[in-house]
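K.L.:
According to our numbering, the residues represented by the sequence shown are -17 to 249, in order. Even for Gly, the Cβ is constructed at its ideal location relative to N, Cα and C. My questions will all concern the structure given below.
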Amino acid sequence: MATKDYIRERFFPHIWCPGCGHGIIMNALLHAIEQIGLKKNDIVMVSGIGCSSRISGYLDFHTLHTIHGRALAFATGVKISRPELTLLVPMGDGDALSIGGNHFIHACRRNIDMTAIVMNNRVYGMTGGQYSPLSGYGTYATTAPYMNIDQDFDVVQLATASGATFVARSTTYHVHEMTAILKAAILHKGFSVVEVMSQCPTYFGRKNKEGSASDMMEKFRARTVPLGSKKKQEDPTLIERGIFVDKQMPEYCEEYQKIIGRAMKDK
Ligand SMILES: Cc1ncc(C[n+]2csc(CCOP(=O)(O)OP(=O)(O)O)c2C)c(N)n1
Ligand code: SF4
Ligand SMILES: [Mg+2]
């Protein structure tokens, strides 16, 4: 199957602004799915609300466009009833870690087999540029015109500490790396978290004087390094990319089946 076969052309043109990073993530994801050879009917994509979450409208899988911050809860329900399906859960940074933060940490802890993609543009894009838990100290937003003083979460550290069994980070500049990471995340048995640093030139870029979309992507190139690079020791402010966690733990649906088996025996 070619990547274009996974697209719902009837919903195009898409709503994303010119230069938005979310389309790059969608493209990389489709290449990962094509390389694995998944059929449309094998996949359920569940999203919340946000510019990022619109992705579920554009792709011709089984799709659920649900409630802001609740994508992982809906996805858990789908997976537990149809464990043979591949669950993909794209989320915005606000969606995943602000209103959805509680669902996020508990999904990590449970190790249910699905792939959570945090499309991190460090802002609430859809609602007009409010700061998010990933904006970070010193940034500007429509709700922080004199500077944001909230510290940000590190998605990789949060997911790792919460028990996710696959944790990775990439950026919209590093498309081939992102595709390979998404492929590994989908193939991983357990809860996978992939943070993709994405650009919102319309709000984060404008408010923080980051220039054009390509300037923002150039910053992803210059300010990130592969995991384990010596450059990180010289400049600790650089952000590491790559696969941070890849381990096997009991998977939730399989464990749940065992419990059903035990209960049936008792009867
Ligand atoms: C329960 C609920 N609260 C708030 C909103 C309003 N809302 C819609 S999208 C959004 C934030 C979007 O930001 P993010 O999740 O980072 O996605 P982005 O648009 O940046 O891709 C908010 C607050 C909503 N739709 N539902
Ligand atoms: S507002 Fe930002 S996140 Fe939303 S489509 Fe435009 S560039 Fe993308
Ligand atoms: Mg966002």
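Got a sec? Which residues, its chain only, sit under 6 angstroms from M179 by beta carbon, not counting five neighbours each side?
P.N.:
N102, T153, F202
K.L.:
Residues around ligand 2, please: the ones whose beta-carbon is closer than 6 angstroms to some heavy atom of it, in chain order.
P.N.:
In chain order, the qualifying residues are W(-2), C(-1), C2, H4, C33, N103, G107, M108, C182, P183, T184, Y185.
K.L.:
Going by C-alpha distance, which of I18, S144, K61 is nearest T(-15)?
P.N.:
I18
K.L.:
With DSSP as the reference, label L67 as helix, strand or coil.
P.N.:
Here L67 sits in coil by DSSP.
K.L.:
Enumerate in chain order the residues of its own chain whose CB-to-CB distance from F43 is below 6 angstroms, with the five nearest sequence positions on each side excluded.
P.N.:
K22, I25, M27
K.L.:
List, from N- to C-terminal side, the beta strand (DSSP E) runs of 3 residues or more that fit wholly inside the stretch 102 to 180.
P.N.:
148 to 153, 173 to 179
K.L.:
Verify the contact flag: V105, CB atom, against every heavy atom of ligand 1, threshold strictly below 7 angstroms.
P.N.:
yes
K.L.:
Any beta carbon from chain D within less than 8 angstroms of T154's own beta carbon?
P.N.:
Here there is only one protein chain, and chain D is not present.
K.L.:
Apart from the five residues on each side of it in sequence, which residues of its chain come closer than 6 angstroms, Cβ to Cβ, to M108?
P.N.:
G32, C33
K.L.:
Just list the residues that DSSP pairs I81 with in beta bridges.
P.N.:
Partner(s): none; I81 has no beta bridge.
K.L.:
Measuring from the CB of H252, is there a heavy atom of ligand 1 at a distance below 7 angstroms?
P.N.:
Coverage of the chain is limited to positions -17 through 249, which leaves residue 252 absent and any answer about it impossible.
K.L.:
Got a sec: does ligand 1 put a non-hydrogen atom nearer than 7 angstroms to the Cβ of S196?
P.N.:
No, Cβ of S196 sits at least 7 angstroms from all heavy atoms of ligand 1.
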